[in-house]
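> Got a structure for you, written out below as structure tokens; questions coming shortly.
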Amino acid sequence: MRRVWSILLLVLLFASGSMADTAERNRFWVLCYHNVVDRIEDPDLPSITTAQLVSHFEWLKRNGYHVIGIDDILAAREGKKSLPKKAVLLTFDDGYTSFYTRIFPLLKLYGYRAVFALVGKWQQTPKGESFSYGEKRRARSMLLEWDQIRQMVDSGLVEIASHSYDAHRGVFANPQGNTRPFYSTLLYKNGAYESEEAYRKRVENDIRRSSDLLLEKLGKRPRVIVWPYGAYNGTVVRIAKKYGMQISASLDDGVNSLEDTDVIKRFLVGNDASLSDMLWGLRPEEKEAERALFVDIDEIYDPDGNRTEARLGVLLERIKAIAPSDVYLKGYSDPDGDGRAEALYFPNRAMPLRADLLSRVLWQIKSRTGYTRVHVVLPLEGYEIGEKKGLRPDREEDRETLASIFADMARHTFLHGIAVELSPSSRYGADEVAAIAAELRQSVEPYTMRHRLSLIVGESGVGQSQKDRRVLLGRFDRLIYDLRPLPGTEEGWREFFGTVEGFGEKLLVRVEGDEVRVAEAMERMTLRGVMRFGYFRSDWLGWRPSDRFMRAFSTNYDPFGE
19 MRRVWSILLL
29 VLLFASGSMA
39 DTAERNRFWV
49 LCYHNVVDRI
59 EDPDLPSITT
69 AQLVSHFEWL
79 KRNGYHVIGI
89 DDILAAREGK
99 KSLPKKAVLL
109 TFDDGYTSFY
119 TRIFPLLKLY
129 GYRAVFALVG
139 KWQQTPKGES
149 FSYGEKRRAR
159 SMLLEWDQIR
169 QMVDSGLVEI
179 ASHSYDAHRG
189 VFANPQGNTR
199 PFYSTLLYKN
209 GAYESEEAYR
219 KRVENDIRRS
229 SDLLLEKLGK
239 RPRVIVWPYG
249 AYNGTVVRIA
259 KKYGMQISAS
269 LDDGVNSLED
279 TDVIKRFLVG
289 NDASLSDMLW
299 GLRPEEKEAE
309 RALFVDIDEI
319 YDPDGNRTEA
329 RLGVLLERIK
339 AIAPSDVYLK
349 GYSDPDGDGR
359 AEALYFPNRA
369 MPLRADLLSR
379 VLWQIKSRTG
389 YTRVHVVLPL
399 EGYEIGEKKG
409 LRPDREEDRE
419 TLASIFADMA
429 RHTFLHGIAV
439 ELSPSSRYGA
449 DEVAAIAAEL
459 RQSVEPYTMR
469 HRLSLIVGES
479 GVGQSQKDRR
489 VLLGRFDRLI
499 YDLRPLPGTE
509 EGWREFFGTV
519 EGFGEKLLVR
529 VEGDEVRVAE
539 AMERMTLRGV
549 MRFGYFRSDW
559 LGWRPSDRFM
569 RAFSTNYDPF
579 GE
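Going letter by letter, the sequence shown gives residues 19 to 580 in the working numbering.
Written out as structure tokens, the structure is:
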């Protein structure tokens, strides 16, 4: 319901020009389309109608948007030119015949350029045969012919991108049988994960085959790769660059800048997308309200796998009902509750494995609860390894151990963010925490997408002074504070928020306890400009949230009951 009202508001604002005119030069939006049909008859195939696409193109033209091409982005990145205001790049994935029969004529009519992304193995399917698309077989006749592709390339309006050779599919990712995207997943087979060397060889072979095929058929290698399902990591981005693909495209949402074009963000224009849906993808960057749940896997795990799955099912239902924007998932086991990890929930080189469960829980939350972002929480110091009752990341040996834990976690998951948790008695100051976090971010980069790095300040003394906050704001995307108790006076609130520019934009306040009091506290803080809240409790499985709590917390609450 909130989304509906937001879209209606956007339509009015865009029509007045008050929002679109704020777009800066050298920033651009990217729209991601798939098939275009006269009438939608197959809901499993991502499609919009020809009439809808015409309405999108017409709106762009009438409202002063400039459709750009890859040449424009590369030239602007090199400082040879500037992008126009309100610049938009059009992309179309998968290589359907509609690219030639419906989209290409419209590109010529409007003088627009576009990127068409092709899957190599699909294109190589012989005439009269079929190819695998998800769990279905599709006829080769629904895809472009090479002669049609060459004609479009020769027009100068179409840039052909790689959409992989044979990576538009999932591979087994864990013992429970989840499948995840080919390019970003360690393959689990015959009871073991593939080695890192085998992973690199597998993904590089696919990227090379795609590049070689386009060189053979079109006379030049692609300059762009569009990641299937929007899934990528630092490893595949570097491999793609090795084969000449200077730009890659994800399904991360947001506005692009020339400083970050290695992986451009794209808005996915969904099935049967109306004009207002497309406008949502062109919205300016804005402060986003966030509602986060903090979940402990210890509450889900049971030595009996069937019980674990039953508990996970209950948790998923809770998450779907509350509809948080984010879930923070503890990746470690702390059975005695002393704040130190005794084992981990992912294969690793440093500590005991309690169960290979993190990958399963994370993917089930991501795939079954909508658009929830999932973050993994790991301590900075709080680990019990042998006789050690905590790590000292200022020491080289412990710093390497910590980096290996974070890297192994990222290697086995598919996440949106990582949260570093400080111990209540942390010995480190803000400068040291920021420096350690920079190394941890480098350790996970080969295995993750563009991820958010958060710091859970908790009850530590770090991040309380204005000086500390300036340091931490430069390194972290979110600062998570526990306010217990809440400030009781105006002076107390002013002291907490301080005067550090940008602090409020990265602040997430974590609350726990009686849900009525939590709801009241959230409402008071919202009036003071706090937009991001997290909620923690230790009894997710037996909890039934009240309407009072849902009104204050849920992003899915409909006051009209519709």
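Backbone N, C-alpha and C define an ideal beta-carbon position, used for all residues, glycine too. These numbers were taken from a predicted model, which means no experiment stands behind them.
1. What does the alpha-carbon distance come out to for the pair methionine 37 and valine 273?
2. Take lysine 145 and list the residues in its own chain whose beta-carbon comes closer than 8 Å to its own, dropping the five residues that flank it on each side.
3. What does the alpha-carbon distance come out to for the pair aspartate 224 and glutamate 530?
4. What alpha helix (DSSP H) runs, 4 residues minimum, are completely inside the segment 549-578?
5. Which whole-angstrom value is the C-beta distance of alanine 291 and isoleucine 66, which I expect to be below 8 Å?
6. Fully enclosed by the segment 408-476, which alpha helix (DSSP H) runs are 4 residues long or longer?
7. Is the segment 207-221 touching the segment 232-246, taking contact as three or more C-beta pairs under 8 Å?
8. For serine 422, which residues from the same chain have a beta carbon less than 8 Å from its beta carbon, with the 5 sequence-adjacent residues on both sides left out?
9. In three-state terms, what does DSSP make of tryptophan 245?
10. For a minimum of 4 consecutive residues, which ranges assigned as the alpha helix (DSSP H) are wholly contained in the segment 313-395?
11. Would you kindly check if the distance between the Cβ of arginine 386 and the Cβ of alanine 334 is under 8 Å?
12. Using the three-state DSSP reduction, which class does alanine 307 fall into: helix, strand or coil?
13. Is it buried or exposed, serine 377, if we count other Cβ atoms within 10 angstroms and call 16 or more buried?
14. For the candidate residues Arg336, Val313, Tyr128, whose alpha-carbon lies nearest to that of tyrosine 662?
15. Can you tell which of Val255, Ala339, Tyr128, Leu233 has the C-alpha that lies nearest to the C-alpha of leucine 559?
16. Between which residues of its own chain and leucine 380 is the CB-CB distance below 8 Å, once the five residues before and five after are set aside?
17. Where does lysine 238 fall in DSSP's three states?
18. Quick one: Cα of isoleucine 265 to Cα of aspartate 278, how far?
19. Going by CA-CA distance only, name the one from Asp230, Leu371, Phe551, Glu533 that's closest to histidine 181.
20. According to the Cβ coordinates, are valine 85 and glycine 113 closer than 8 Å?
21. Pull up the CB-CB distance for valine 48 and phenylalanine 285, whole angstroms please, since I reckon it's below 8 Å.
22. According to DSSP, is leucine 58 part of a helix, a strand, or is it coil?
23. Within its chain, find whatever has a CB closer than 7 Å to the CB of arginine 197; leave out the 5 residues flanking it on each side and keep chain order.
24. Of the choices Tyr465, Ser572, Arg502, whose alpha-carbon is the least far from that of isoleucine 257?
25. When the Cα atoms are used, what is the spatial distance from glycine 547 to arginine 301?
26. Should serine 173 go down as buried or exposed, given a rule of 16 or more other Cβ atoms within 10 Å for buried?
27. Could you tell me whether the Cβ atoms of leucine 491 and valine 438 are closer together than 8 Å?
Straight from the coordinates:
1. Residue placement at methionine 37 is poorly supported in this model, since its pLDDT is 43, which falls under 50; the coordinates still yield a value, given next. When rounded, the distance between both Cα atoms is 14 Å.
2. Arg158, Ser159
3. 48 Å
4. You should have 565-571.
5. 5 Å
6. 414-429, 448-462
7. no
8. Asn366, Arg367, Ala368, Ser461
9. coil
10. 323-340, 376-386
11. Note that residue 334 corresponds to leucine in the displayed sequence, not to alanine. For the 8 Å CB-CB criterion, leucine 334 and arginine 386 form a contact.
12. coil
13. buried
14. With the chain covering only 19 through 580, there is no way to say anything about residue 662.
15. Nearest of Val255, Ala339, Tyr128, Leu233 to leucine 559, Cα basis: Ala339.
16. Leu347, Val392, Val394, Thr431, Phe432, Leu433
17. The three-state secondary structure of lysine 238, taken from DSSP, is coil.
18. 10 Å
19. Asp230
20. no
21. That belief holds up - the Cβ atoms of valine 48 and phenylalanine 285 are roughly 7 Å apart, short of 8 Å.
22. The question names leucine, but residue 58 in the sequence shown is isoleucine. Note: isoleucine 58 maps to coil in three-state DSSP.
23. Per the sequence shown, residue 197 should be read as threonine rather than arginine. Within the same chain, threonine 197 has close Cβ partners Gly188, Val189, Phe190, Ala191.
24. Tyr465
25. 21 Å
26. Flag for serine 173 reads exposed.
27. Cβ atoms of leucine 491 and valine 438: not closer than 8 Å.
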